[in-house]
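Numbering (this note's numbering), first residue to last: 1 to 333.
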């Protein structure tokens, strides 16, 4: 008699996925705020928008991933930070428009669901969501054995936020003479890993201690992407901010001009801050042209405020008062 073919024998184990979600249910629900009105398990997540004390609310949404930083997690077997990277990246992408994050959704896809890996990744997402006071409102877990190689997985997130229409930061008020104020990154964040991996792993192993970094290569590359939302909100309440750029793929060169109207450009003083050792290591190890470095990596600047010249000193004083280093890195021309 011919053996029956089941979904499980074809490579998709629904029961395993359901078991993992049950294990994570408490963690996910810990992220929920009073505005979440339906629990885990329905076809969609429900979020109450009433009584938000915003006169003209505008929703802001963004979807992103963490690129091939996932490969570092897979190489090292450490999956607890990558979910935090994802949430922070998405928060920053809407925070630069002045938005407050409302809720987050995730998508996890793999060839074969490894319960331990999946639970580690989602736990990281819940940690970041809870710290940011936003609910993990829903998500999708896909097991596709004919699509992904064994051990591989992909991850992306969607965030929805809200901003008062009159307070949207879109760069439309930027003027010539405005100043670019850089806020440090803590490393690569979530961009440029394909180039970084090609260069660095041709010479070093992930667990190799690198003196110039004062840590192992893996620890350096897995540093969690900074969440700039709290800082952005503090600055917006006290200063005239005409533009904010989250420095991701494309670096300073490609991201800041996204805010410019026709006729505006910028001048960056690349010597105005010290390039962190990880970027120097990548450039020196791979003989990477400076142009490629500047259009691939954040080069140590993860966020840029564009403000009037007469507010620069006050912003620096504020930064010092909260222990946040800020640097004048250029101007609008």
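All C-beta atoms, glycine included, are put in the ideal place defined by N, C-alpha and C. Fair warning: this is a prediction, and the values are worked out from it, not measured in the lab.
CA-CA distance, residue 302 to residue 71, rounds to 22 Å. Of the other Cβ atoms in all chains shown, 16 or more fall within 10 Å of the Cβ of residue 246; this residue is therefore buried.
Rounded to the nearest angstrom, the gap between the Cα atoms of residue 216 and residue 149 is 27 Å. Here the stretch 248 to 260 does not lie against the stretch 158 to 167, with fewer than 3 beta-carbon pairs under 8 Å apart. Judged by DSSP in its simplified three-state form, residue 109 adopts strand. As DSSP reads the structure, residue 75 sits in no beta bridge. Within the stretch 186 to 216, the runs of alpha helix (DSSP H) at least 4 residues long that lie entirely inside it are, in chain order, 193 to 200. Along the stretch 263 to 287, the alpha helix (DSSP H) occurs as fully enclosed runs of 4 or more residues at 277 to 286, listed in sequence order. For the pair residue 111 and residue 315, the Cα-to-Cα distance works out to about 49 Å. Shown here, residue 98 sits in coil according to DSSP, grouped into three states, outside any helix or strand. By the neighbour-count criterion, in which 16 or more other beta carbons inside 10 Å mark a residue as buried, residue 183 falls on the buried side. With fewer than 16 neighbouring CB atoms inside 10 Å of its own CB, residue 333 falls in the exposed class.
For a cut-off of 8 Å, the C-beta gap from residue 261 to residue 172 is around 6 Å, short enough to register as a contact. The Cβ atoms of residue 191 and residue 249 lie closer than 8 Å to each other. Take the alpha-carbon of residue 169 and the one of residue 293: they are about 28 Å apart. DSSP places residue 170 outside both helix and strand once states are collapsed to three, so it counts as coil.
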